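J.: Have a look at this one.
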Ligand code: G4P
């Protein structure tokens, strides 16, 4: 105990969140480049052909050229051991995307400077806020025409409800982008474009107090504007406060251009200093500290059929404390069994590598013969505790499932239950109508196709999906509420989950508020907890 402090304390585990196309992949590539994990930008994924090579676990993935799985990247930089959790976007957005955030200790939010806060960022951000993890903002694509800087910050503060503190400040944008002002060192770092290079380009540093030099490099107009903006900024913005950052109340903001290699290493260096070492985690016996406790982990994601030939499942777990060694005996608390984890692997973007050891903060994937569920705890055989469960996140698309061949009811129920257990879909039933029909809810519409495909291919059951118009689901927090007396809106539908817990579906967002108004004392939640 306590022997692994050094290894654990140099770990930084974070997720990158963004709306598709904001530049998450490009930024990740540059990080890997600086860490020496890859030699050439563009080799992580990005290009359609490379994406195909990443995995072949499902035909849909190949057909559409997208990655359904989210992966973990580990690399070294400046003495740190960094774990980046990728959160898939586009149509492959699923509950896994949310769950990935449960395994991270902080989040990097990438925003396109010409678009501001977009839908997907908002959704993921809510989960970060719920967990109160630090959030770092990288405003990307400054080499393109950007929105006004003050407006961008205002938008983040208003839309996401978090204070911002710019660490650097952009000078112009697009063709007029001259560089950034480093507020801490009070100097200007001039823009350089090294899109093809493997390191940041040559820059000049000019003190903002040396007006003549400043004017000669960035021009009079830009210099005057910058000096004005700095004055305004120093007067108006929140002061940097590391405690507030670590409590998730203040987001440090950085400006740069991932594509042209500008401001990325600056970001990485500052981020690594400000972000947190692996955090303690809440368990039923209290907080478990990463360095003071022996090995423990929790399962945050289960992925089926990565290898078509074996139809296996991989359970991804986040190590929360201590050290994991291959062949070590651990206890699966929910299953009540002591076992050896089978084929522990580190899942990289393009390859899997068998692990000998891993520490708190790391993510490992282990072969799952069907015993793990999301949220399960693993610990040392002599210990007995459970980590706090992972909430169920609100699906936004619903469909009624109909079997084409009703004779295959048993297979159908088995298949859909197993798939739901992996967490890709959620299944519900009508409330008190006695109907056995199943309603399926998903976070991203691609999961409907995945469900249909898997039921056909793995369970030999053909289904038809009839889309339902609901978009908002709410869990009822106060269980004593009598559902029969609930005064709802005309677009409200009552359903129940497989444990019999009642839930409400709505077509319109305002109906949620209306229902709350009409039923005093009713507490609704966007996250479900057991
Ligand atoms: P994502 O993972 O968040 O979805 O975004 P990704 O990095 O794939 O970037 C989306 C597009 O934006 C890519 O262009 C990428 O080259 C571009 N991009 C990323 N960062 C910057 C930046 O700082 N400045 C500019 N100007 N563009 C940036 P694409 O043409 O859609 O893809 P590709 O054909 O280059 O792969």
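Numbering (the numbering used here), first residue to last: 51 to 580. All residues carry an ideal CB built from backbone N, CA and C; glycine is no exception. Since the structure is predicted, the reported quantities are computational estimates derived from the model, not experimental observations.
Are the CB atoms of residue 465 and residue 503 within a distance shorter than 8 Å?
T.: Taking the chain shown and counting its residues from 1, one reaches residue 503 at position 453. Taking the chain shown and counting its residues from 1, one reaches residue 465 at position 415. In this structure, residue 465 does not lie closer than 8 Å to residue 503 by Cβ.
J.: With DSSP as the reference, label residue 194 as helix, strand or coil.
T.: Against the chain shown, residue 194 aligns to sequence position 144. Residue 194 falls in the coil class under three-state DSSP.
J.: Suppose you measure from the CA of residue 460 to the CA of residue 518; what does that come to, to the nearest Å?
T.: Position 410 of the chain shown, counted from the first residue, corresponds to residue 460. Position 468 of the chain shown, counted from the first residue, corresponds to residue 518. So the alpha carbons of these two residues sit roughly 24 Å apart.
J.: Ordered along the chain, which non-local residues of its own chain (more than five positions away) have a Cβ less than 7 Å from that of residue 171?
T.: Taking the first residue of the chain shown as position 1, residue 171 is located at position 121. For residue 171, where only same-chain residues beyond five positions count, the Cβ hits under 7 Å are 67, 68, 69, 159 and 161.
J.: So, does the region 324-335 touch the region 429-440, judging by three or more C-beta pairs under 8 Å?
T.: Touching, yes.
J.: Does any CB atom of chain B fall closer than 8 Å to the CB of residue 55?
T.: The chain inventory of the structure shown lacks chain B, comprising one protein chain alone.
J.: Below 8 Å between beta carbons: does that hold for residue 207 and residue 166?
T.: Taking the chain shown and counting its residues from 1, the one referred to as residue 207 is at position 157. Taking the chain shown and counting its residues from 1, the one referred to as residue 166 is at position 116. Cβ distance not < 8 Å, so residue 207 and residue 166 don't count as in contact.
J.: Count the other CB atoms within 10 Å of the CB of residue 567; is the residue buried (16 or more) or exposed (fewer)?
T.: As a first step, residue 567 is located in the chain shown; it is residue number 517 there, counting from the start. Result: exposed.
J.: Assign residue 268 to one of three DSSP states: helix, strand, or coil.
T.: Residue 268 sits at position 218 when you count from the first residue of the chain shown. In the structure shown, residue 268 sits in a helix (DSSP, three-state: H, G or I).
J.: Hey, out of 347, 86 and 307, whose CA is closest to residue 192's CA?
T.: Position 142 of the chain shown, counting from 1, holds the residue named residue 192. The shortest C-alpha separation from residue 192 is found at 307.
J.: With a threshold of 16 other CB atoms inside 10 Å of the CB of residue 74, please say whether the residue is buried or exposed.
T.: For the purposes of this step, residue 74 is taken as the residue at position 24 of the chain shown. Result: buried.
J.: Let me check understanding here. Comparing Cα to Cα, which of 374, 415 and 347 lies closest to residue 363?
T.: Within the chain shown, residue 363 is the residue found at index 313, counting from 1. Checking every option, the nearest Cα to that of residue 363 belongs to 415.
J.: Tell me the rounded alpha-carbon separation between residue 93 and residue 241.
T.: To locate residue 93, count along the chain shown from 1; it is residue 43. To locate residue 241, count along the chain shown from 1; it is residue 191. Interpretation of residue 93 is limited by its pLDDT of 44, a score under 50 that renders its predicted location unreliable; no figure is taken from the coordinates.
J.: From the DSSP output, which residues share a beta bridge with residue 492?
T.: Along the chain shown, read from residue 1 onward, the residue named residue 492 stands at position 442. The partner list for residue 492 (beta bridge, DSSP) reads 447.
J.: Let me check you understand the geometry: is the CB of residue 307 closer than 7 Å to at least one non-hydrogen atom of ligand 1?
T.: Numbered from 1 along the chain shown, position 257 holds the residue referred to as residue 307. It does: the Cβ of residue 307 is within 7 Å (strictly closer) of some heavy atom of ligand 1.
J.: I'd like the span of the alpha helix (DSSP H) that includes residue 430, first residue to last.
T.: On the chain shown, residue 430 is found 380 positions in, with the first residue counted as 1. Segment: none, residue 430 is in no alpha helix (DSSP H) and carries neither H nor E.
J.: Tell me where the beta strand (DSSP E) around residue 522 begins and ends.
T.: Counted from its first residue, the chain shown places residue 522 at position 472. Here the beta strand (DSSP E) through residue 522 covers 522-526.
J.: Just to confirm my understanding: we take residue 365, look at its own chain, exclude 5 residues before and 5 after, and list those with CB closer than 6 Å. What are they?
T.: One-based indexing of the chain shown puts residue 365 at position 315. Closer than 6 Å at the Cβ level, and outside the excluded window around residue 365, lie 349, 352, 416, 418 and 422.
J.: What do you reckon, are the CB atoms on residue 303 and residue 212 nearer than 8 Å?
T.: Stepping through the chain shown from its first residue, residue 303 is reached at position 253. Stepping through the chain shown from its first residue, residue 212 is reached at position 162. Not in contact: residue 303 and residue 212 (Cβ atoms no closer than 8 Å).
J.: Alpha carbons only, please: which of 573, 220 and 501 is nearest the one belonging to residue 525?
T.: For this step, residue 525 is matched to residue 475 along the chain shown. It is 573 whose Cα lies nearest to the Cα of residue 525.
J.: With residue 562 as the anchor, note down where its alpha helix (DSSP H) starts and where it stops.
T.: Taking the chain shown and counting its residues from 1, one reaches residue 562 at position 512. Residue 562 -> alpha helix (DSSP H) spans 559-568.
J.: How is residue 262 classed by DSSP in three states: helix, strand or coil?
T.: In the chain shown, residue 262 corresponds to position 212, counting from 1. Note: residue 262 maps to helix in three-state DSSP.
J.: Do residue 441 and residue 577 have their C-beta atoms within less than 8 Å of each other?
T.: Locating residue 441 in the chain shown gives position 391, where the first residue counts as 1. Locating residue 577 in the chain shown gives position 527, where the first residue counts as 1. Yes, the pair counts as a contact, with Cβ atoms nearer than the cut-off.
J.: Is the beta carbon of residue 167 within less than 7 Å of some heavy atom of ligand 1?
T.: Counted from its first residue, the chain shown places residue 167 at position 117. Checking the Cβ of residue 167 against ligand 1 gives no.
J.: For the beta strand (DSSP E) that contains residue 410, what are its first and last residues?
T.: Here residue 410 corresponds to residue number 360 of the chain shown, with the count starting at 1. Element bounds for residue 410: n/a, residue is neither H nor E.
J.: Please indicate yes or no: does the CB of residue 71 lie closer than 7 Å to some heavy atom of ligand 1?
T.: Here residue 71 corresponds to residue number 21 of the chain shown, with the count starting at 1. Indeed, a heavy atom of ligand 1 lies less than 7 Å from the Cβ.
J.: Based on the DSSP secondary-structure assignment, which residues constitute the bridge partners of residue 371?
T.: Your numbering for residue 371 matches position 321 in the chain shown. According to DSSP, residue 371 bridges with 346.
J.: Suppose only complete runs of 4+ residues qualify. What are the alpha helix (DSSP H) ranges in the region 172-227, listed by chain order?
T.: DSSP runs (the alpha helix (DSSP H)) wholly in the region 172-227: 199-210.
J.: Closest to residue 275 by CA distance: which of 223, 314 and 298 is it?
T.: Taking the first residue of the chain shown as 1, we reach residue 275 at position 225. Cα-wise, what sits closest to residue 275 is 223.
J.: Tell me, to the nearest whole angstrom, how far the beta carbon of residue 218 is from that of residue 312; I am working on the premise that it is less than 8 Å.
T.: Here residue 218 is taken as the residue at index 168 of the chain shown, counted from 1. Here residue 312 is taken as the residue at index 262 of the chain shown, counted from 1. Incorrect: roughly 11 Å between the Cβ atoms, too far for contact.
J.: Please confirm whether any heavy atom of ligand 1 lies closer than 7 Å to the CB of residue 160.
T.: Taking the chain shown and counting its residues from 1, the one referred to as residue 160 is at position 110. Result yes, Cβ under 7 Å from ligand 1.
J.: Near residue 216, which residues of its chain fall below 6 Å by C-beta distance, leaving aside the five closest residues on each side in sequence?
T.: One-based indexing of the chain shown puts residue 216 at position 166. Contacts found: 303.
J.: Identify, in the order they occur along the chain, each residue of the same chain with its Cβ nearer than 7 Å to the Cβ of residue 454, setting aside the five sequence neighbours on each side.
T.: Stepping through the chain shown from its first residue, residue 454 is reached at position 404. 512, 513 and 514.
J.: Would you tell me roughly how many angstroms separate the C-alpha atoms of residue 111 and residue 179, rounded to the nearest one?
T.: Translated into the one-based positions of the chain shown, residue 111 becomes position 61. Translated into the one-based positions of the chain shown, residue 179 becomes position 129. Annotation note: pLDDT 40 at residue 111 (below 50); position unreliable, coordinate value reported separately. Taking the straight line from one Cα to the other gives about 31 Å.
J.: In chain order, what residues of the same chain lie with their CB nearer than 8 Å to the CB of residue 564, ignoring the 5 residues before and after it?
T.: Numbered from 1 along the chain shown, position 514 holds the residue referred to as residue 564. Closer than 8 Å at Cβ, skipping near neighbours: 539.
J.: Tell me, which residues are paired with residue 302 by DSSP?
T.: Counting from one through the chain shown, the residue named residue 302 turns up at place 252. Bridge partners of residue 302: 215.
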